[in-house]
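J.: Mind having a look at this structure? Questions to follow.
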Amino acid sequence: MMTRPIVLPGELLASNPKVAGAGTYVDKGKVYAKFLGLLDKSETSVRVIPLKGRYIPSVGDVVIGIVREVTSNGWAVDINSPYQGFLPAAENPEMRPNRKPNDILEIGDIIIAKVVNIDPKMKVTLTMKDRMCRAVRFGRIVPINPARVPRVIGKGGSMIKLFKTELGVQIIVGKNGLIWISGDRRKVNIVEEAIYIIESEAHTEGLTDRITEFVKRRKGELNGQ
Amino acid sequence: MVSEDLNRLSGDIQLIVDGKRLDGRGFDELRPINIKVGVLKRADGSCYLEMGKNKVVAAVYGPREVHPRHLADPVKAVVRYRYSMAPFSVEERKRPGPDRRSIEISKVSREAIEAVVMKELFPRSGIDVFVEVLQADAGTRTACLNAASVALVDAGVPMRGLISSVAVAKVDDVLVLDPMKEEDNYGQADIPFAFFIRNDKIESIALLQMDGRVSRDEFKEALEMAKRGAMEIYQMQKEAIKAEYMIESEEVNSDE
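Here the protein sequences come in this chain order: A and B. Each residue of the first sequence is one higher than the one before, starting from 0 at the first, in numbering that gives the first Met the number 0. Each residue of the second sequence is one higher than the one before, starting from 0 at the first, in numbering that gives the first Met the number 0.
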């Protein structure tokens with residue numbers, strides 16, 4: 000595969016506005032890069048894959064958040080983004096008619112939730128009515144740069160599948176750059192190391208193969224002891 | 000010392016000797032520039048920049064929640080820019096904290112940065128830019144703008160292009176690019192410029208100030224001079240950012 004060149008904001012990418020994709024903007028019929036990233040250009044589309052940047056919520060994302068405030072009708076959740084998320088009491092399946100939000104989640108609790116709605120004022124509504132969603136009471140949270148999350152997931156979830164089958168750990172990757180891992184402590188250590196490798200080498204080729212090799216080697220060391 | 004200053008004020012000091020400037024530069028030559036990207040670990044984006052004897056460091060945070068909340072704008076991000084001089088950055092120790100001068104510089108610089116940052120993408124959020132002058136030698140606002148622009152790119156903030164900034168001064172009746180301290184203090188005029196540059200082309204002027212006097216023709220010449228200087232700086236900014244990310248990928252390839 001060819002390596003993707005690095006582009007800077009304002010770099011001219013194409014003169015046909017029809018090909019403009021994510022990470023680009025159109026001005027006077029020309030397509031320019033919007034932020035620092037890798038150029039992904041084909042005949043039908045031009046897009047810029049960000050190298051850095053904050054997490055901007057979008058509907059359907061699974062995120063990991065920390066409860067920052069408990070109100071009478073729900074929880075305000077920090078989702079590692081410029082915008083705070085809000086989890087209404089009705090969106091938590093643990094909620095019962097005679098229980099108060101305070102009984103279920105406290106300040107500082109970590110939850111896995113899903114973004115269900117974003118209004119034009121960027122008010123983010125979360126839900127926990129999903130198979131993946133839960134309150135996290137054990138395991139480990141690994142923070143990474145949100146721009147590198149797609150590489151941690153891998154093509155069609157290949158990276159996650161690798162961790163699950165090779166090491167038998169539970170892993171949930173929040174789109175906001177927080178990753179929850181749970182399982183055998185030594186195996187979790189291997190996953191954490193692997194994630195940091197992925198984060199720092201996210202913009203290189205052949206990453207999946209190198210991570211597979213890394214995980215197998217570390218697993219072998221573990222069993223050899 | 001005092002008599003020397005009086006001499007200079009009465010115009011007895013020569014700033015141009017044998018067609019060269021005091022530091023040996025030609026009229027349209029920049030001071031040496033050195034840019035380092037990503038120097039601060041806790042900031043989203045950062046940059047250290049030297050422009051001659053000026054040493055500045057810039058940090059960018061955001062987009063993030065704005066505090067206090069009432070400052071947030073429901074339709075776009077608020078950009079905050081703080082220019083500050085370290086007490087030890089100038090010869091006579093400066094009183095720490097904001098003064099009238101740095102508040103003014105912060106305002107005009109913020110307006111220059113706002114010309115390129117795509118604020119409308121982040122309603123109700125804030126983008127904070129902090130620049131600190133560690134050592135000053137004339138032209139700190141231009142150095143800070145150059146550093147801030149690089150730091151914003153490093154933070155991954157969406158922008159229309161880059162800001163490159165340089166000043167032109169009039170000393171001994173000639174125009175000189177990127178004045179140093181002596182030229183700034185004893186010259187006849189000082190005109191800092193900042194340009195919005197996109198795809199190797201100057202799109203607009205983002206900042207223009209002037210103190211002193213120049214004729215209309217001299218001003219036109221100064222503008223052309225500044226444009227050429229800013230283009231040079233733009234290339235250096237680009238190289239610095241690309242170099243930061245190139246090295247990373249080379250290391251990876253070597254251990255394969």
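Where a beta carbon is used, it is the ideal one built from N, C-alpha and C, also for glycine.
Terminal residues of the continuous beta strand (DSSP E) containing A:ASP77?
T.: 73-77
J.: Kindly confirm or deny that the region 153-168 of chain A and the region 105-122 of chain A touch, where touching means at least three C-beta pairs closer than 8 angstroms.
T.: no
J.: Return the chain-ordered list of same chain residues with a C-beta closer than 6 angstroms to the C-beta of A:VAL18, the five sequence neighbours on each side being excluded.
T.: Correct list, in chain order: SER44, VAL45.
J.: DSSP state of A:VAL214, grouped into three classes?
T.: In the three-state scheme derived from DSSP, where H, G and I count as helix and E and B as strand, A:VAL214 is classed as helix.
J.: Which ranges would you report for the beta strand (DSSP E) in the region 141-215 of chain A if only whole runs of at least 3 residues count?
T.: 169-172, 177-181
J.: I'd like to know if A:ALA146 contacts chain B, where contact means its C-beta is closer than 9 angstroms to some C-beta of that chain.
T.: yes
J.: Just the C-alpha distance for B:LEU207 and A:LYS186, rounded to the nearest angstrom, thanks.
T.: 59 angstroms
J.: Quick one: residues in its chain with C-beta nearer than 7 angstroms to the C-beta of A:MET94, no 5 flanking neighbours on either side, listed in chain order?
T.: Closer than 7 angstroms at the Cβ level, and outside the excluded window around A:MET94, lie ALA88, ILE103.
J.: Measuring straight from C-alpha to C-alpha, what distance separates B:LEU120 and A:LYS215?
T.: Their backbone Cα atoms lie some 43 angstroms apart in a straight line.
J.: How would you write the range of the beta strand (DSSP E) that A:VAL120 sits in, first residue to last?
T.: The identity of residue 120 of chain A in the sequence shown is Lys, whereas the question assumes Val. Careful: A:LYS120 lies outside any beta strand (DSSP E) and carries neither H nor E.
J.: Using a cut-off of 7 angstroms between C-beta atoms, extract the partners of A:PHE162 located in chain B.
T.: In chain order: nothing, as chain B lies at least about 21 angstroms away.
J.: Give the straight-line distance between the Cα atoms of A:LYS51 and B:LEU151, rounded to the nearest whole angstrom.
T.: 11 angstroms
J.: If we define contact as Cβ-Cβ less than 9 angstroms, is A:GLY84 a contact residue for chain B?
T.: no
J.: Mind pulling the chain B residues with CB within less than 8 angstroms of A:LEU50?
T.: Ordered by position in chain B, the residues that pass the 8 angstroms Cβ test against A:LEU50 are GLY155, TYR244.
J.: Report the residues of the region 114-134 of chain A with a CB closer than 7 angstroms to any CB of chain B, ordered along the chain.
T.: LYS120, MET121
J.: Do A:SER14 and A:VAL30 have their beta-carbon atoms positioned less than 9 angstroms apart in this structure?
T.: Yes, these two residues count as a Cβ contact at 9 angstroms.
J.: From the beta carbon of A:MET0, is the nearest beta carbon of chain B less than 9 angstroms away?
T.: Low confidence applies here, because A:MET0 scores a pLDDT of 47, under 50, leaving its location unreliable; read the following figure in that light. So, not an interface residue.
J.: When the cut-off is 9 angstroms and only beta carbons count, does B:ASP43 lie next to chain A?
T.: yes
J.: Does DSSP classify A:GLY257 as helix, strand or coil?
T.: Nothing about residue 257 of chain A can be reported from this structure: the residues present for chain A run from 0 to 224 only.
J.: What does B:PRO73 touch in chain A if you count any residue whose Cβ is under 7 angstroms from its own?
T.: LYS120
J.: Can at least three beta-carbon pairs, one atom from the region 98-117 of chain B and one from the region 48-61 of chain B, be found at a separation below 8 angstroms?
T.: no
J.: Counting along the chain, where does the alpha helix (DSSP H) carrying B:VAL152 start and finish?
T.: Taken as a continuous stretch (DSSP letters only), the alpha helix (DSSP H) holding B:VAL152 covers 139-153.
J.: Does any C-beta atom of chain B lie closer than 9 angstroms to the C-beta of A:PHE34?
T.: Closer than 9 angstroms to some Cβ of chain B, the Cβ of A:PHE34 qualifies, so yes.
J.: Taking C-beta to C-beta, are A:GLY176 and A:VAL148 nearer than 9 angstroms?
T.: yes
J.: Taking just the CA atoms, how far does A:ASP39 sit from A:PRO16?
T.: 16 angstroms
J.: How would you label B:GLY160, buried or exposed, when you count the other beta carbons within 10 angstroms and need 16 or more for buried?
T.: buried
J.: The alpha helix (DSSP H) with B:SER105 in it runs from where to where?
T.: 99-113
J.: Where does B:PRO178 land, buried or exposed, given buried means 16+ other C-beta within 10 angstroms?
T.: buried
J.: Could you give the uninterrupted runs of the beta strand (DSSP E) lying entirely in the region 21-107 of chain B, keeping only those of 3 residues or more?
T.: 32-36, 44-50, 53-64, 77-84
J.: Going by C-alpha to C-alpha distance, which of B:GLN234, B:VAL128, B:VAL156 sits closest to A:THR23?
T.: B:VAL156
J.: Does the beta carbon of B:LEU144 come closer than 9 angstroms to any beta carbon on chain A?
T.: Chain A, which has no Cβ nearer than 9 angstroms to the Cβ of B:LEU144, makes this no.
J.: To the nearest angstrom, how far is it from the Cα of B:GLY37 to the Cα of B:GLY44?
T.: Computed Cα separation, rounded: 6 angstroms.
J.: Report the partner residues of A:PRO8 according to the DSSP bridge assignment.
T.: A:PRO8 is not bridged to any residue.
J.: Given that A:TYR195 touches chain B, what residues does it touch there, using C-beta distances under 7 angstroms?
T.: Correct list: empty, because the minimum Cβ distance to chain B is about 13 angstroms.
J.: Per DSSP, what are the beta-bridge partners of A:LEU37 in this structure?
T.: Answer is A:ILE5, A:ILE48.
J.: Per DSSP, what kind of secondary structure is B:LEU120 in: helix, strand or coil?
T.: helix
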